[in-house]
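Some notes on the structure that comes next.
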Amino acid sequence: MRICIFVDMEGISGVSGSDFVRTDGRLYGSARKYYTQELNVCAQACFKAGADAVLARDGHGSGNHMLWDELDARVELIQGATGPVRLPEISECDALILLGYHAMAGTAGALLEHTYSSASIQNMWLNGRPVGEVGIDAAVAGDYGVPTILVTGDDYVCREAQDWIPGVVTCEVKKGLGCQAARLLSRPEAHRRLEAATIDAIQRRGQIPPLRVPHPVTLRTEVMERCAIPVGHLGVRILDGRTYEKTAATVEEAFFV
Ligand SMILES: [Zn+2]
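Counting in the working numbering, the sequence shown runs from 1157 upward without gaps.
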């Protein structure tokens, strides 16, 4: 059994604002440490529950934030920019874990809510339904027949995950108190919950179906700024000066941000 863990930074325990997740932030060094520790806890729980391999994806921003030399020796890591491919190597995996995720753009009360870019994207819709990174990534994996078994982060992203992915296990490691504040568990308690949730998710993976959205797939994006829509791209329909959409055979092909 091969588990893919896609790691983002906003939903990692101990992270409570932009100062942690920006590379020029005052607390970025601490966040990298928490990010790496949390991947280790999750991966070790995967192995404990019977996984043969763990492939992790450093998924925050540029994809180069993990402290590679502190990773559990059994973890393989994908780092760097992979262009429009959201989940490289996902077809090799039996199940997907979304670790350290955050709620979709516009979720009031959620910590560091955004969808792909807090600077440029106002909203996204998948087949007409408001969607964030959890829904899109689970649907990309679903097109490959891979179930998303666990989502972790604040209470808001856990609820969003349950809305999108029937049967998914969630692990709340903090509560959002607005965009730049959170009520945190201690590190030992957050890690204890994460380990238990990971083992539970792996044991239940057979009962959690892949997220299958109706095809063809339409992904619509509303940008924040004028003059920022991608005019002239093949297959991209412009709806108005702030909004465009793309329809394609799969979620991955429809993804255009
Ligand atoms: Zn991120």
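By construction, the Cβ of each residue, glycine as well, lies at the ideal position given by its N, Cα and C atoms.
Beta-bridge pairing of threonine 1308 - partner residues as DSSP gives them: Cys1327
So does the segment 1271–1279 actually touch the segment 1212–1221, counting three or more Cβ pairs closer than 8 Å? no
Does ligand 1 have a heavy atom nearer than 6 Å to the CB of histidine 1221? no
Does ligand 1 have a heavy atom nearer than 6 Å to the CB of glutamate 1316? no
Quick check: the Cα distance between isoleucine 1234 and glycine 1215, rounded to an integer number of angstroms? 9 Å
Buried or exposed (CB count within 10 angstroms, at least 16 for buried), glutamine 1336: exposed
Could you check where the alpha helix (DSSP H) with arginine 1339 kicks off and where it finishes? Note, arginine 1339: premise wrong, no alpha helix (DSSP H); beta strand (DSSP E) at 1338–1340.
By a C-beta neighbour count over all protein chains shown, 10 Å radius and 16 as the cutoff for buried, is proline 1303 buried or exposed? buried
Checking the sheet assignment: what are the DSSP bridge partners for alanine 1209? Arg1158
Can you determine whether any heavy atom of ligand 1 sits closer than 6 Å to the C-beta of aspartate 1164, and answer yes or no? yes
For threonine 1377, write down the residues that DSSP places opposite it in a beta bridge. Met1280 and Tyr1400
Apart from the five residues on each side of it in sequence, which residues of its chain come closer than 6 Å, Cβ to Cβ, to alanine 1251? Ile1159, Pro1303, Ile1305 and Arg1361
With the cut-off set at 7 Å, would you say alanine 1346 and serine 1169 are in Cβ contact? yes
Can you have a look at valine 1287 and say buried or exposed, based on whether 16 or more other CB atoms are within 10 angstroms of its CB? buried
Can you find a heavy atom of ligand 1 that lies under 6 Å from the Cβ of histidine 1216? yes
Residue closest to valine 1407, alpha-carbon to alpha-carbon, out of Ala1295, Ile1321, Val1171 and Asp1208: Ala1295
Quick one: is valine 1313 buried, meaning 16 or more other Cβ sit within 10 Å of its Cβ, or exposed? buried
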